[in-house]
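Structure, as structure tokens:
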Amino acid sequence: MLLFVQDFNHALQPPALVVITFSVLKLLFLSWFPDLMVNLSLGLLTIVLADLLVKLAANVLPRKLLPDLENKAVFITGCDSGFGNLCARRLDALGTTVYAGCQMPDGAGAKELKDSQQTPHCAAGRHKTRRNLWAVINNAGIFTLGEVELTPLEVFHRINEVNTIGSVRVTKAFLSLIRKYKGRFVFTASVLGRITIPGVVPYSMSKHAIVSFIDGLRREMRKWSVSVHGIEPMAYRTSMANTKPYQTFLEQQWNKMPDEVQQLYGDSYVDRYMKKINAYVRTDAYHNLEEVVDDLVDAAVGATPRSHLDVKGKKKVVEEAHGEQLFATVPIHKREGHKSNDPLDPEMFYEALEQSIETRLLNEQDLESVNLMK
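Numbering (the numbering used here), first residue to last: 207 to 580.
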């Protein structure tokens, strides 16, 4: 008996314990591991299917709208054409009071809205109404094409003034009214507010600023129960897809460029560039503007609107923009083959310096401020 105990104790030394423990764990593992894997697989499959069903329901099933739309009013900017024009018609057809902002009140777009209004209160006149100002849709915007070197500074100012400052100005003007009715701000942004591609830098800058404004405004307005929504579409065949004005503009700027710059880009630069643009519009610009209008309406009067719209074609734009393929017109070897070893010409430097400050003259106070910041 004692010998048995001694042998047993000897068998329970650490190496033997490891073997026994491993064997027991192996038996347990083999017994429940298959069930665990099956359960995990089923769980993951359920999550994936649920996600697909939710996305399907959000994109296919009719979107539920708020009740009592006839007692709500919506103000929309940029209704001359495109998304704004179609959105104004859609909301009017739903019985909502629509205040349609048009750059050209006597233009074709404004006339179409007046002719197609479904209800008497759709006109943009100054009259008293008991309806609540429920939403403001900042849709107005302008677009241009051209690389930074070929784009005048005033174009940067103009695009920023309309696309960015204009939206901020409208938002601030209507903020107290929207807060009063706990309504919504909606913005037509762009996928180019997330990605910057060559040739549309001024526009991309303005849309990056708007995306930032939307995100910040949303956080600030949450305390007042005011919601803020950004729609970020890709290229659609709105009036902005008409490339003829852009070609005229590019040719005008091209003719102002020094001979040295024209030689760097190549004589046929504008033609090559516009060929790329036209090919993109023809093959990649989306036809169905109603897709974006659906999201604008949902953001304005939907029962459960999303903060951001997932844009179509974003992955392709990201890949091509990062690879510098989209709208690229100057070969890589040309861009790398013009490094100069000539010493800096002081006159050229001071000429560039004068251009950088343009017509603004530095007075003594400005110079003092500059010196203080050093």
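Ideal placement from N, C-alpha and C gives every residue a C-beta, glycine not left out.
Endpoints, beta strand (DSSP E) assigned at residue i
i           : result
residue 588 : Here the chain comprises residues numbered 207 to 580, so residue 588 is not present and cannot be evaluated.
residue 422 : Careful: residue 422 lies outside any beta strand (DSSP E), inside the alpha helix (DSSP H) at 407 to 427.
Residues that DSSP places opposite residue i in a beta bridge
i           : result
residue 378 : None; residue 378 has no bridge partner.
residue 271 : 508
residue 483 : In the DSSP output, where bridge partners are listed per residue, residue 483 has none listed.
residue 390 : 341, 433
residue 492 : 442
residue 281 : 305, 342
Exposed unless 16 or more other CB atoms sit within 10 angstroms - verdict on residue i
i           : result
residue 450 : exposed
residue 282 : buried
residue 464 : exposed
residue 422 : exposed
residue 581 : This structure does not reach residue 581, given that the chain is present from 207 up to 580, and the question cannot be answered.
residue 412 : buried
residue 363 : exposed
residue 431 : exposed
residue 511 : buried
residue 274 : exposed
residue 420 : buried
residue 473 : exposed
residue 425 : exposed
residue 376 : buried
residue 357 : buried
residue 344 : buried
residue 294 : buried
residue 250 : exposed
residue 354 : exposed
residue 365 : buried
residue 253 : exposed
residue 373 : buried
residue 359 : exposed
residue 489 : exposed
Proximity of residue i and residue j at Cβ, strictly below 7 Å
i           : j           : result
residue 346 : residue 389 : no
residue 409 : residue 349 : yes
residue 434 : residue 380 : no
residue 476 : residue 438 : no
residue 452 : residue 492 : no
residue 467 : residue 296 : no
residue 436 : residue 395 : yes
residue 416 : residue 370 : yes
residue 509 : residue 278 : no
residue 300 : residue 495 : no
residue 338 : residue 387 : yes
residue 506 : residue 392 : yes
residue 288 : residue 444 : yes
residue 487 : residue 447 : yes
First through last residue of the alpha helix (DSSP H) which encompasses residue i
i           : result
residue 299 : 288 to 299
residue 368 : Run containing residue 368: none; DSSP gives neither H nor E here.
Under the three-state DSSP convention, the category residue i falls into
i           : result
residue 455 : helix
residue 400 : coil
residue 348 : coil
residue 395 : coil
residue 473 : coil
residue 353 : coil
residue 461 : helix
residue 373 : helix
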